[in-house]
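**Q** Questions regarding the structure given below will be posed in turn.
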Amino acid sequence: HESFEDEEVAYVGIAWIEERHLSKLFGPSWEEYRNQVGFLIPNVHFKSRLLEAIVCLIIPIAILYTSLFLFP
């Protein structure tokens, strides 16, 4: 299970870097788009991108552990 968590953290980190790249590439139009959509999970949107990234880490991990508990 640690592998899943490590991979998820790496995936979010890569997505964060990609967002910075897209911001430099597209400028204000990217920022406007980014403010309208969620970071990784649809309908999960906060003003703070850091908080949004943390929530996007917690939700899949919670789903994984819940499914392992319910379906051993």
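Quick note: the sequence shown, position 59, residue 1307 per our numbering, numbers continuous.
Glycine included, C-beta positions come from ideal geometry on N, C-alpha and C.
For the alpha helix (DSSP H) containing PRO1276, list its first residue and its last residue.
**A** Looking at the DSSP string, the run of the alpha helix (DSSP H) that includes PRO1276 is 1276-1282.
**Q** Roughly how many angstroms separate the alpha carbons of GLU1256 and VAL1303, rounded to a whole number?
**A** Answer to the nearest angstrom: the Cα atoms are 12 angstroms apart.
**Q** Three-state secondary structure (DSSP) at LEU1316?
**A** In this structure, LEU1316 counts as helix in the three-state DSSP scheme.
**Q** Could you confirm whether any beta carbon from chain D is found closer than 8 angstroms to the beta carbon of GLU1280?
**A** No chain D appears in the structure shown, which is made up of a single protein chain.
**Q** State the Cα-Cα distance for the pair ILE1291 and ILE1309, rounded to the nearest angstrom.
**A** A small fix is needed here, since residue 1291 is Asn in this sequence, not Ile. Roughly 18 angstroms separates the two Cα atoms.
**Q** Would DSSP call SER1296 helix, strand or coil?
**A** Three-state result, SER1296: coil.
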